[in-house]
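Each protein sequence line maps, in turn, to chains X and P. Each residue of the first sequence is one higher than the one before, starting from 1 at the first, in our numbering. Each residue of the second sequence is one higher than the one before, starting from 1 at the first, in our numbering.
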Amino acid sequence: MSKTVEIRWHGRGGQGAKTAALLLADVAFKTGKYVQGFPEYGPERMGAPITAYNRISDQPLTVHSNIYEPDYVVVVDETLLESIDVTNGLKADGAIIINSQRPKEELLPLLNGYQGGVYVLDAREISIRALGKNFPNSPMLAATVAVSGVMGREDFLGEMRQSFQHKFAKKPEVIDGNMMALELAFNQVGC
Amino acid sequence: MAIRERLSGNEAVAYAIKQINPDVMPAFPITPSTEIPQYVANYIANGEIDTEFIHVESEHSAMSATLGASAAGARALTATSSCGMALMWEELYVAASDRLPIVLALVNRALTGPININADHSDSMGARDSGWIQIYAESNQEVYDNFLQAFPIAEHKDVMLPVMICQDGFITSHGVENILLVEDDKVKEFVGEYEPEHYLLHPTEKMAVGPYAVSNYYMETKRAQRQAMLNAKQVILDMAAKFEQMTGRKYGFFEEYRMEDAEYAIVIIGSAAGTCKAAIEEIRATTGKKVGLLKIRVFRPFPEEEIAQALSHVKAVAIMDRSEMFAGSCGPLGAEVRAALFQAKSQAEVVNYFYGLGGRDITVQDFMQVYDNLENIANTHVVTGMYDYIGLRER
């Protein structure tokens, strides 16, 4: 990876898109990268559309602007497809990753003719299967790593297991479920 | 070995506070303050530091309590942002005129109205005449490094002035970036213990802090404050040199980026400087045009002769302001840099731009446009106005 990879996250306040961007920055940092993870704040309220960003590079990062021509776009909440032009500026040789239960063919008309890669992940189903609850951001994080290739599968899973062991030190019973959510997402997105 | 980490700007400042372990931190720990008091409160609750945290009922009280603690002889600091700082206004002047070496962690955000919480320098620029030293940062690394240098500058016997350590709201305060932390023992040695010469809890020396000064004394007090500010210049450079010895990271009044042969220069403060650097690299790589950047780190004391010297060889300069002051001619940085250039009889063409107000984004492309404008101005010698805007919509 010689150039900077830029990622834009679309979600709604309270769904964890910002947290997912910060987690991605975390895990990429641990594999030796230079990282940025930052939210774009509007009026803060549950359910409002929010945007978060990542830059990941082998070189130090100095740019402090938002990202207008991302390599990858992640849509954590598919209802945003109707109201926001999520593919705006998205590079043709990049990809969009959408959390949805619908087949890809139904979503394509909502993407303004985007010609690059389109990946659909049922993060809700994966999360409920693995964790018993709907936390879509972990599966979306794994899918983003799989599609973007910012790090290898084993590096990613290894670092995430360590993070979970730290984060869930007092409830280790949820670690396996979280790891399962990541692995299922990795497998389903098929990269 | 430095510690490789990734932290937000708020986390970086809180970590610096933990390493310094100050005596007292009064703070009003809800909006409009920052996450900084919250993180420090965690360190205290976990027993990692023994700072006395004072919960106060407002920012006015936060600065008042900080003043009291500092006057008593403690190493004291607080943190705030935007309108929180506006509520401290009266005490900012008291801190400076009482010569209390307080440190304020300021996250630069717009002042209302309209209501806006995003990056903008109007809070600290409004306080530029309050007598505080002001040091600004481009990145999380810089705000951390600046914070470690703050107390040694403030507490130096030739200075004894409060210091404001500023960073851009959300852009660095909430953005996570790579950072190199200094080891705890090295920080302790660098910052040292605070041993005040005069203080209220002194067992034998009697003194008053902040008494009434009739007109027979007020003016001399202001002159003495000015002298302290002048003295601060050397102390700031000395601390930067000492810091460089410890970390290898070089600081001064400003950073000169690709200025050695620059014909066109931008003068700017804060996080947008990093975006400007990317534009410089792109322009130099694709066109060979000689473009450079002068990033202001220290705004008070204002290094006007040094700035004029650094810009003495350029053909055209764009001074970029992230706050309004509603003067007919320009913004606050524009006014002071222009005055410096005038005094130095500079022949450079100068233009002042407002950008980024209330968090309006500024991009690499915007900076490339500014350099295009500068080249045009240098060729035609026509500057159409004293100020203009970058990123302003027509409607």
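A virtual CB, placed ideally from N, CA and C, is assigned to each residue, including glycine.
### Message
Relative to the C-alpha of L374 of chain P, which candidate in P:I319, P:A71 and P:L92 has its C-alpha closest?
### Response
P:I319
### Query
Which same chain residues, not among the five before or five after N112 of chain X, have their C-beta less than 7 Å away from its C-beta?
D85 and T87
### Three-way DSSP call (helix, strand, coil) for V350 of chain P in this model
strand
### Query
How many Å lie between G331 of chain P and G358 of chain P at the Cα?
In a straight line, the C-alpha of G331 of chain P is about 15 Å away from that of G358 of chain P.
### Message
Please list, in chain order, the chain X residues whose beta carbon lies closer than 8 Å to that of I362 of chain P.
### Response
Result: S65.
#### Entry: Cβ shell of A437 of chain P (< 6 Å), same chain only, five flanking positions each side left out
Residue numbering for chain P in the displayed model covers 1 to 395; residue 437 of chain P lies beyond these limits and cannot be assessed.
### Task
Please check if any C-beta of chain P sits within less than 8 Å of the C-beta of A95 of chain X.
no
### Query
So, Q225 of chain P versus A96 of chain P, is the Cβ gap smaller than 8 Å?
yes
### Task
Compare the C-beta of R6 of chain P against all C-beta atoms of chain X and say whether one is closer than 8 Å.
yes
### Query
Looking only at its own chain, which residues have a Cβ that is under 8 Å from the Cβ of Q234 of chain P, when we skip the five neighbours before and after it?
D158
#### Entry: is_contact[D26 of chain X, chain P] using C-beta, thresh 8 Å
yes
### Message
If I measure Cβ to Cβ from A2 of chain P and keep anything under 6 Å in the same chain, skipping five residues before and after, which residues do I get?
### Response
Scanning its chain for C-beta atoms nearer than 6 Å, with the 5 sequence neighbours on each side dropped, one finds around A2 of chain P the residues L180, in chain order.
### Message
Could you check whether the region 276-286 of chain P touches the region 71-85 of chain X, counting it as contact only if at least three pairs of C-beta atoms, one from each stretch, sit closer than 8 Å?
### Response
no
### Task
Compare the C-alpha of H198 of chain P against each of P:A272, P:Y39 and P:L100 and name the closest.
P:L100
### Message
Taking the beta carbon of K18 of chain X as the centre, do at least 16 other beta carbons fall within 10 Å, making it buried, or is it exposed?
### Response
buried
#### Entry: Exposure of I96 of chain X, with buried meaning 16 or more beta-carbon neighbours within 10 Å
Residue burial annotation: I96 of chain X is buried, with at least 16 other C-beta atoms found within 10 angstroms of its C-beta.
### Task
Tell me whether the beta-carbon of E349 of chain P lies closer than 8 Å to the beta-carbon of A378 of chain P.
yes
### Query
Distance, Cα to Cα, M222 of chain X vs R161 of chain X?
No statement about residue 222 of chain X is possible, as the shown extent of chain X runs from 1 to 191 and does not include it.
### Length of the line joining the Cα atoms of V337 of chain P and V317 of chain P
The straight-line gap separating the alpha-carbon atoms of V337 of chain P and V317 of chain P is approximately 10 Å.
### Task
Assuming P37 of chain P and A45 of chain P form a contact by the criterion Cβ under 8 Å, report the distance between their Cβ atoms to the nearest whole angstrom.
Between A45 of chain P and P37 of chain P the Cβ distance is about 12 Å, and since that is not below 8 Å, they are no contact.
### Query
So which residues of chain X does F170 of chain P contact, with C-beta pairs closer than 7 Å?
Y41
### Task
Taking only runs that begin and end inside the region 322-371 of chain P, name each unbroken alpha helix (DSSP H) of 4 or more residues, in chain order.
332-343
### Rounded distance between the beta-carbons of Y136 of chain P and I296 of chain P, thought under 8 Å
Your pair I296 of chain P and Y136 of chain P checks out as a contact, with CB atoms roughly 6 Å apart and the cut at 8 Å.
### Message
Residues of chain X with CB closer than 7 Å to the CB of G274 of chain P, please, in chain order.
### Response
T62, V63 and H64
### Query
With a cut-off of 8 Å, does the C-beta of G116 of chain X fall near any C-beta of chain P?
Taking Cβ atoms only, chain P never reaches closer than 8 Å to G116 of chain X, which makes this a no.
#### Entry: Alpha-carbon spacing of P114 of chain P relative to S83 of chain X, whole angstroms
26 Å
### Query
Whose Cβ in chain X lies nearer than 7 Å to the Cβ of E142 of chain P?
Chain X residues near E142 of chain P: none, gap ~11 Å exceeds 7 Å.
### Query
Quick one: is D50 of chain P buried, meaning 16 or more other Cβ sit within 10 Å of its Cβ, or exposed?
exposed
### Task
Run the CB neighbour count on Y119 of chain X, radius 10 Å, all protein chains shown included, and call it buried at 16 or more, exposed below.
buried
### Message
Spatial neighbours of T34 of chain P within its chain, please: C-beta separation below 6 Å, excluding the five flanking residues on both sides.
### Response
N10, A79, S81 and V107
### Residue closest to G16 of chain X, alpha-carbon to alpha-carbon, out of X:V150, X:S138, X:S100 and X:V145
X:S138
#### Entry: Reference D68 of chain X, options X:S57, X:E78, X:S163 and X:A52, closest by Cα
Checking the displayed sequence, the identity of residue 68 of chain X turns out to be Tyr instead of Asp. The residue with the shortest Cα to Cα distance from Y68 of chain X is X:A52.
### Task
Decide yes or no for the touch test of the region 139-154 of chain P against the region 169-187 of chain P: beta carbon pairs closer than 8 Å, at least 3 of them.
yes
### Local conformation of I296 of chain P per DSSP, three classes
strand
### Query
Per DSSP, what kind of secondary structure is E125 of chain X in: helix, strand or coil?
helix
### Query
Going along the chain, which residues of the region 242-271 of chain P sit with their C-beta nearer than 9 Å to a C-beta in chain X?
G270 and S271
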